[in-house]
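In full-length UniProt numbering, the protein residues as written are 1 to 269.
Even for Gly, the Cβ is constructed at its ideal location relative to N, Cα and C.
Notes to accompany the following structure.
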Amino acid sequence: MRGGSLSVARRTARHALDLFFPPVCLSCGGETSRDGLVCVDCFRGLHALISACRICALPLPAPGFADSEGRCGVCAGQTFPWKQAAAAFLYEETARELLLRMKYGDRPDIARFFAGGMMHCAPDLIGRADMLVPVPLHRTRFWRRRYNQSALLCREIARARRMSEKGEANASLHVIPDLLSRHRATGTLATLTPDQRQKTLQGAFHVTPRHRAVVTGRAILLIDDILTTGATASICADLLLRAGARRVDLLVAARTVRLAESFESSVHE
Ligand SMILES: O=P(O)(O)OC[C@H]1O[C@H](OP(=O)(O)OP(=O)(O)O)[C@H](O)[C@@H]1O
1 MRGGSLSVAR RTARHALDLF FPPVCLSCGG ETSRDGLVCV DCFRGLHALI SACRICALPL
61 PAPGFADSEG RCGVCAGQTF PWKQAAAAFL YEETARELLL RMKYGDRPDI ARFFAGGMMH
121 CAPDLIGRAD MLVPVPLHRT RFWRRRYNQS ALLCREIARA RRMSEKGEAN ASLHVIPDLL
181 SRHRATGTLA TLTPDQRQKT LQGAFHVTPR HRAVVTGRAI LLIDDILTTG ATASICADLL
241 LRAGARRVDL LVAARTVRLA ESFESSVHE
């Protein structure tokens with residue numbers, strides 16, 4: 001009875017708030033039904049990755065185009081530092097707009113939206129992870145941006161999991177935001193070719209010495225906002241394996257299709 005009247009009070013308060021501060025679309029600022037969502041038009045511009053290669057996370061024309069382990073023709077027979085990868089959306093239209101806002105538009109709140117998509121697309125990867133580790137920013141970029149968008153994605157995924165599995169013993173998922181660190185500042189990769197990305201990133205990351213011990217034998221889910229050539233994720237995953245991780249998987253908010261043809265060479269060089 002008491003719980004019922006409380007939830008009626010909460011609903012009434014929410015309606016009252018909505019009257020004064022109507023919920024707006026995260027992407028275009030237009031009208032939407034609830035806070036933290038996108039409007040119908042922007043929703044149409046979201047391309048969820050339903051069927052994708054389990055290594056490069058690029059879309060497959062149909063599930064039958066993958067081998068028995070879910071790999072596309074390019075990735076089959078190759079070795080990669082991560083065991084499995086997944087992306088929630090294609091880096092196009094609405095997802096691109098939202099990611100740019102989240103990173104460069106001082107909108108850390110958008111991380112919750114992407115975390116929802118990432119949870120939905122990769123419950124298996126999240127379920128088997130001992131810990132979530134974000135791709136780190138160099139401290140100068142962190143000071144400028146004030147947050148690491150990939151660390152926010154980790155935090156939101158862990159939070160959503162805690163809420164959805166309340167009471168279950170294994171519900172807590174560790175997030176170690178500074179397990180990896182970027183000790184050399186690298187410019188933004190956006191304008192670089194795959195080769196340049198690879199060269200720029202060499203030696204830029206390391207496993208933070210005080211966290212080394214927790215890596216041994218663990219299943220680590222590496223989290224980033226965007227996967228393009230795979231250069232960043234490859235270097236990070238490799239470092240984690242060398243530090244003793246049992247396996248590393250990769251989960252990103254969005255997958256770029258442009259430059260994808262260079263993915264394999266970038267990961268292997
Ligand atoms: O798959 P890759 O080819 O490695 O590209 C993906 C990386 O590129 C971006 O990093 P960047 O260093 O450019 O970050 P910024 O947007 O904060 O400058 C992005 O945040 C990923 O970490």
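A distance criterion of 7 Å places the beta-carbon of arginine 107 beyond contact range of ligand 1, judged by its closest non-hydrogen atom.
In the structure shown, the three-state DSSP call for glutamate 31 is strand. Counting the other Cβ atoms within 10 Å of the Cβ of glycine 230 gives 16 or more, which makes it buried.
Between leucine 240 and valine 215, the gap from beta carbon to beta carbon is short of 8 Å. Secondary structure of isoleucine 157 (DSSP, three-state): helix.
In the structure shown, serine 172 adopts coil according to DSSP, grouped into three states. Rounded to the nearest whole angstrom, the C-alpha separation of proline 81 and valine 248 is 7 Å. Checking the 7 Å criterion, the Cβ of alanine 190 is within range of a heavy atom belonging to ligand 1. Excluding sequence positions up to five before and after isoleucine 110, its CB lies within less than 7 Å of the CB of Leu26, Leu98, Arg101 and Met102, all in the same chain and listed in chain order. In terms of Cβ geometry, leucine 180 and cysteine 154 do not form a close pair [threshold 8 Å]. Cysteine 53 and arginine 71 do touch by the CB rule: their CB atoms are close to 6 Å apart, below 8 Å. DSSP places leucine 239 outside any beta strand (DSSP E); the residue lies instead in the alpha helix (DSSP H), whose first and last residues are 231-242. The straight-line gap separating the alpha-carbon atoms of proline 134 and glutamate 93 is approximately 24 Å. Short of 7 Å from the beta carbon of arginine 197, and not among the five residues preceding or following it, lie these beta carbons of its own chain, in chain order: Leu189, Thr229, Ala231 and Ser266. For valine 248, the enclosing beta strand (DSSP E) has its first and last residue at 247-255. Residue environment for proline 63: exposed (fewer than 16 other C-beta atoms within 10 angstroms of its C-beta). For cysteine 42 and cysteine 28, the gap between their C-alpha atoms comes out near 7 Å. In terms of Cβ geometry, alanine 85 and alanine 57 form a close pair [threshold 8 Å]. Shown here, alanine 48 sits in a strand according to DSSP, grouped into three states. Under the DSSP assignment, histidine 211 falls outside any alpha helix (DSSP H); it carries neither an H nor an E label.
Secondary structure at aspartate 225: strand, using DSSP grouped into helix, strand and coil.
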